[in-house]
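Data first, discussion second: the structure below is written as structure tokens.
Protein chains: 2
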Amino acid sequence: MPRTSRPGTPALLRVLNDRTALGLLLENGPMTRNELARLSGLSKPTAAEMIRRLEEAELIEVSGESSSGRGPAAVLYSVLTDRAIGVAIDVQPLGITSTVVDATGAAHPVVFEAAEEAPGERDAATDLARAIDAACAAASRDPETVTVVCVGIQGSVEPRTDDLVFTDELPGWPRHEVTETLAKALGVEVLVENDANLVAIAERREGAGVDASTFALLWMGNGLGLALDFGGTVHHGAAGGAGEIGYIGAPIDAVDYDPEARLIDDLVTTRTIERLAGRHGIEAETLADLLEAISADPARLAILDELAPRVGLVVMPALAVVDPERIILHGPIGIAFGAELAGRVEAWLAEHSRWSTPVLNPTITQTPVLHGARHVLIDAVRQALVEAVAHLPSVGDDPPE
Amino acid sequence: MPRTSRPGTPALLRVLNDRTALGLLLENGPMTRNELARLSGLSKPTAAEMIRRLEEAELIEVSGESSSGRGPAAVLYSVLTDRAIGVAIDVQPLGITSTVVDATGAAHPVVFEAAEEAPGERDAATDLARAIDAACAAASRDPETVTVVCVGIQGSVEPRTDDLVFTDELPGWPRHEVTETLAKALGVEVLVENDANLVAIAERREGAGVDASTFALLWMGNGLGLALDFGGTVHHGAAGGAGEIGYIGAPIDAVDYDPEARLIDDLVTTRTIERLAGRHGIEAETLADLLEAISADPARLAILDELAPRVGLVVMPALAVVDPERIILHGPIGIAFGAELAGRVEAWLAEHSRWSTPVLNPTITQTPVLHGARHVLIDAVRQALVEAVAHLPSVGDDPPE
DNA sequence: TTTCAGTTAAGAAGGTTGTCTATTACAGTC
DNA sequence: GACTGTAATAGACAACCTTCTTAACTGAAA
Chain A
10 MPRTSRPGTP ALLRVLNDRT ALGLLLENGP MTRNELARLS GLSKPTAAEM
60 IRRLEEAELI EVSGESSSGR GPAAVLYSVL TDRAIGVAID VQPLGITSTV
110 VDATGAAHPV VFEAAEEAPG ERDAATDLAR AIDAACAAAS RDPETVTVVC
160 VGIQGSVEPR TDDLVFTDEL PGWPRHEVTE TLAKALGVEV LVENDANLVA
210 IAERREGAGV DASTFALLWM GNGLGLALDF GGTVHHGAAG GAGEIGYIGA
260 PIDAVDYDPE ARLIDDLVTT RTIERLAGRH GIEAETLADL LEAISADPAR
310 LAILDELAPR VGLVVMPALA VVDPERIILH GPIGIAFGAE LAGRVEAWLA
360 EHSRWSTPVL NPTITQTPVL HGARHVLIDA VRQALVEAVA HLPSVGDDPP
410 E
Chain B
10 MPRTSRPGTP ALLRVLNDRT ALGLLLENGP MTRNELARLS GLSKPTAAEM
60 IRRLEEAELI EVSGESSSGR GPAAVLYSVL TDRAIGVAID VQPLGITSTV
110 VDATGAAHPV VFEAAEEAPG ERDAATDLAR AIDAACAAAS RDPETVTVVC
160 VGIQGSVEPR TDDLVFTDEL PGWPRHEVTE TLAKALGVEV LVENDANLVA
210 IAERREGAGV DASTFALLWM GNGLGLALDF GGTVHHGAAG GAGEIGYIGA
260 PIDAVDYDPE ARLIDDLVTT RTIERLAGRH GIEAETLADL LEAISADPAR
310 LAILDELAPR VGLVVMPALA VVDPERIILH GPIGIAFGAE LAGRVEAWLA
360 EHSRWSTPVL NPTITQTPVL HGARHVLIDA VRQALVEAVA HLPSVGDDPP
410 E
């Protein structure tokens, strides 16, 4: 339905244009008045006026001079990023990774703290506070300026009840009123998101999903998870339970591959990899070591031939329900086997299903969860800035003396 | 991501406000200048100016006088609906149903033409042209004013290739370049949409889905189909193959209910209903008669007890993949068994799955496909009107003499 | 001397407030 | 029951505010 757009007074124009200006400054980095005029499509005087308002509101500042060509040097303006920053946090059983994020999306150091380093009882708020401080210290930022954090976890938060769901391992985390409890304890806005979903956001923004209308990301690690991206938005489901495909009953055809499998979850597990590798005499303590050993072994391709149909059976329900444009195989297993596995799954699907969906290997293999959280936070911090523009004073309004 | 809004000149305000005015007139019916001012939040002179522009562009016209209360009678304006209309068409094996749709969404007669009435070779364009003429004749509208038709079919059109997919029965329809061929032959814009999807649109707009964030609609008739609504938008999938859940392998648990089932499609078919009814001595020629007979029989509840788990197994993959807020059981079977079946399926899911999703019976049981197509067309016709507003002349521009 | 950054001035487009007139309904009053 | 004054409303008009634009101007750097 054509949403009846809100009516417009001249004041609306100002807000609209100030917002445009701030957005352009955020996306394109430092700019001169004239560059802003050209990029916004507005006239020079208008661009100057926007700059004046944004500078007065202390949303932007002079950041240098451009000295290209003849004529006087133009003043460069850039967005002030030291007023509100975010911290991206990846909470995993092995430890917590974190990094500072500002509105420009500039890179900041990534900090890892192993789980053992936290002494005594585990407590979610304490863990997160420590991660925030560590990230800020590494980036030389004041922790007081943190306004929002995005936390990736192995599980989901029920959007309607704020309860923790589909989680086995999260020691010290509250089960109810999760974001509310954490936000109160930390004094900042808290966004909790499933880690596979964050990885999907990362692949959408700077990876294998950039130009996709829609894609599904299958996370294969110690468990299975599916993240769905519809046109750039991650789908959570009504109760945060979207993508929990592991609980689907295994299809009858699966007995050919694994006679014991009752659920889809049973088709691709750590145990599965161990068994397939064991037949070729490959063994290791941890999943990571095992995957590395397989990748280095000539029997690799034979193992992938056996693994691919199982992966195909896992994603089949997602194909039939939402028909994504492409599938990305991610997680430790997807990363370890890359294109060799993706190609085999794609071929199996083309032969054994009615869909011929491209299957891709992941492109973001280093701290993918943190990458996704970074994008969430860039959006959040920018959003806050852009909303501040709506309350900027008018021309005539003098500041109180 | 905060889409950088386009910059604004005063001219943008005019377009914005004209659009608002037209939208309000469409949604609220005939209005006076002052009512428009109040509803739009704009001043009286501005409202008068908008009216002047829209009337001059022949998008609205004087349609009467309001005589409520004191003061002079106010002139009522309403949108001109005789310039561009749409025709909603439901193509089913038994025949073709059609009706006229205008921007106001006012009711128009519904016309049904049985399949046998069309002599000789079936041809899609001819069938549709006949349906358009019949609908226009019944509504006393000029077929020349039809600019767009929305056709519901048992199948889908691949959005990227314009091919007909997932269709068995559609005699006389082209298999490739479907909308393009039809649009050329009919000389109007053609929107082809899966019938289950149209029913979902109808339930979203005026039925069991009005206030849902997201819902899944399971169509149970001669075959199975699933329509997905995400926040008011029907999801088609990259290749128009979303919701084709019938091709998913039947889960291992299904053997308890039907040892022969290989695919989910096999769990709820006409044959299934016949078998379940047959055990209670109920028989009939057609599915419609059979459903009617069951509904009138005391053994009804026993049959539903057996049917419900099968339906539960069918929707389970959709729950795990997208976790909809609610499920609507539609189609001949869903309509016939209503709340009695829905309640049983809901109870079964609560017990046998990790989801406790509400299951609802359909509320739009009369010509639901046509209802959905109506909404699509109301949007399309309004969209065209609203876009015309963008090209309205300014104050100073005199018409060429 | 050319080029470009930045400013200033005039004015166009759109919206607002406030006022005024004409018109009608309602409420008294004869 | 007819007449008249009053209140409320529709619609128009005038004066003014805000925002953007065009065009000219100033001054600095190559």
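Respectively, the protein sequence lines represent chains A and B.
When the letters of the first sequence are read in order and numbered with my numbering, they come out as residues 10 to 410.
When the letters of the second sequence are read in order and numbered with my numbering, they come out as residues 10 to 410.
Just so it is clear, CB atoms sit at the ideal spot from N, CA and C, and this is done for glycine as well.
Grouping DSSP H, G and I as helix and E and B as strand, with all else coil, what is Q392 of chain A?
-> It is helical.
Rounded separation between P409 of chain B and L328 of chain A - CA only = Only weak support exists for where P409 of chain B lies, its pLDDT of 36 falling under 50; the value from the coordinates is given anyway. Rounded to whole angstroms, P409 of chain B to L328 of chain A spans 58 Å at the Cα level.
T190 of chain B lies in the alpha helix (DSSP H); which residues open and close that run?
-> Where T190 of chain B is concerned, the enclosing alpha helix (DSSP H) stretches over 187-195.
Proximal residues to E167 of chain A (C-beta, below 7 Å), its chain only, five neighbours per side dropped | Cβ neighbours of E167 of chain A beyond the five flanking positions: V174, A248, G249.
Could you please tell me which residues of the stretch 22-39 of chain A, in chain order, have their CB closer than 8 Å to any CB of chain B?
-> Along the stretch 22-39 of chain A, the positions whose C-beta sits under 8 Å from a C-beta of chain B are L22, L25, N26, R28, T29, G32, L33, E36, read in chain order.
Using DSSP with H/G/I as helix, E/B as strand and the rest coil, what is T29 of chain A?
-> Note: T29 of chain A maps to helix in three-state DSSP.
By Cβ distance below 7 Å, which residues in the same chain neighbour A93 of chain B in space, the five residues on each side in sequence not counted?
-> Excluding residues within five positions, the ones whose Cβ falls inside 7 Å are T154, T156, V390, A393.
Where G255 of chain A and L237 of chain A are concerned, what is the direct C-alpha to C-alpha distance, given to the nearest angstrom?
-> If you draw a straight line from the Cα of G255 of chain A to the Cα of L237 of chain A, it comes to about 15 Å.
Excluding the five sequence neighbours on either side, which residues of its own chain have a C-beta within less than 8 Å of the C-beta of A345 of chain A, listed in chain order?
-> Excluding positions up to five away in sequence, the list reads L300, E301, I303, S304.
Which ranges would you report for the beta strand (DSSP E) in the stretch 32-110 of chain B if only whole runs of at least 3 residues count?
-> If we require 3 residues or more, the beta strand (DSSP E) runs fully inside the stretch 32-110 of chain B come out as 69-75, 83-88, 94-101, 104-110.
Using the C-alpha atoms, what's the distance from I373 of chain A back to A211 of chain A?
-> The straight-line gap from Cα to Cα measures roughly 7 Å.
Using CA coordinates, which residue listed in B:L296, B:V264, B:L316 is at the minimum distance from L285 of chain B?
-> Residue B:L316 is the option with its Cα nearest to L285 of chain B.
Beta strand (DSSP E) runs contained entirely in the stretch 326-356 of chain A, provided each spans 3 or more residues = Fully enclosed beta strand (DSSP E) runs of 3 or longer: 335-339.
Quick one: what's got a C-beta closer than 6 Å to E360 of chain A's C-beta in the same chain, skipping five residues either side?
-> If we look at E360 of chain A and ignore the five residues flanking it on each side, it has no Cβ neighbours.
Answer with buried or exposed for T295 of chain B, where buried requires no fewer than 16 other C-beta atoms within 10 angstroms of its C-beta.
-> The residue in question, T295 of chain B, is exposed, as its Cβ has fewer than 16 Cβ neighbours within 10 Å.
Would you list the one or two residues that DSSP bridges to S165 of chain B?
-> Beta-bridge annotation (DSSP): S165 of chain B is paired with B:V174.
If you measure beta-carbon to beta-carbon, which residues of the stretch 255-266 of chain B are closer than 7 Å to chain A?
-> For the stretch 255-266 of chain B, which is checked against every Cβ of chain A, the residues closer than 7 Å are Y256, I257, G258, A259, P260, I261, D262.
Counting only beta-carbon atoms, is P326 of chain A nearer than 7 Å to chain B?
-> So, interface residue.
Could you check if E292 of chain A is buried or exposed, using at least 16 other CB atoms within 10 Å of its CB as the buried criterion?
-> Result: exposed.
With a CB to CB cut of under 6 Å and the five nearest residues on each side skipped, what residues in its chain are close to A209 of chain A?
-> Same-chain partners within the cutoff: L226, A236, D238, V243.
Per DSSP, A205 of chain A is paired with what?
-> None; A205 of chain A has no bridge partner.
Same chain, Cβ closer than 8 Å to V323 of chain A, five either side skipped, listed in chain order = Within the same chain, L227, L233, I254, I273, L276, V277 come within 8 Å of V323 of chain A by CB-CB distance, once the 5 residues on both sides are set aside.
Quick one: which chain A residues come within Cβ less than 8 Å of P333 of chain B?
-> Result: G246, A247.
Under 8 Å Cβ to Cβ from A82 of chain B, same chain only, skipping five residues before and after it: list those, please.
-> E74, S75, S76, listed in sequence order.
Separation of A217 of chain B from L313 of chain B, as counted between CA atoms | Taking the straight line from one Cα to the other gives about 21 Å.
Same chain, Cβ closer than 6 Å to P102 of chain A, five either side skipped, listed in chain order = For P102 of chain A, where only same-chain residues beyond five positions count, the Cβ hits under 6 Å are E178.
Would you kindly report the start and end of the unbroken alpha helix (DSSP H) that includes G287 of chain B?
-> Per DSSP, G287 of chain B is one residue of the alpha helix (DSSP H) stretching across 279-287.
Looking at D306 of chain B and the ligand FMN, is the gap between the Cβ and the nearest heavy atom below 6 Å?
-> The model on display carries no ligand, and the ligand FMN is accordingly not part of it.
DSSP three-state call for L401 of chain B: helix, strand or coil?
-> DSSP places L401 of chain B outside both helix and strand once states are collapsed to three, so it counts as coil.
Taking just the CA atoms, how far does T55 of chain B sit from N26 of chain A?
-> Between the alpha carbons of N26 of chain A and T55 of chain B lies a gap of roughly 22 Å.
Could you name the residues that DSSP lists as bridge partners for W228 of chain B?
-> BP columns for W228 of chain B point to B:G234, B:H339.
Hey, could you find the ends of the beta strand (DSSP E) E122 of chain B is sitting in?
-> Where E122 of chain B is concerned, the enclosing beta strand (DSSP E) stretches over 119-123.
For G321 of chain A, which residues of its own chain have a beta-carbon under 7 Å away from its beta-carbon, when the five flanking residues on both sides are left out?
-> Correct list, in chain order: V354, W357, L358, H361.
Which word fits A205 of chain B, buried or exposed, when buried means at least 16 other C-beta atoms lie within 10 angstroms of its C-beta?
-> Classification of A205 of chain B: buried, given that the 10 Å Cβ count is 16 or more.
Tell me, to the nearest whole angstrom, how far the beta carbon of L6 of chain B is from that of V385 of chain B; I am working on the premise that it is less than 8 Å.
-> Given that chain B is displayed from residue 10 to residue 410, the structure contains no residue 6 of chain B and the question cannot be resolved.
In angstroms with no decimal places, state the Cα-to-Cα distance between D407 of chain A and K193 of chain A.
-> Reliability fails at D407 of chain A, whose pLDDT of 43 lies under 50, so the model's placement of it is uncertain and the value that follows must be treated cautiously. Roughly 36 Å between the two C-alpha positions.
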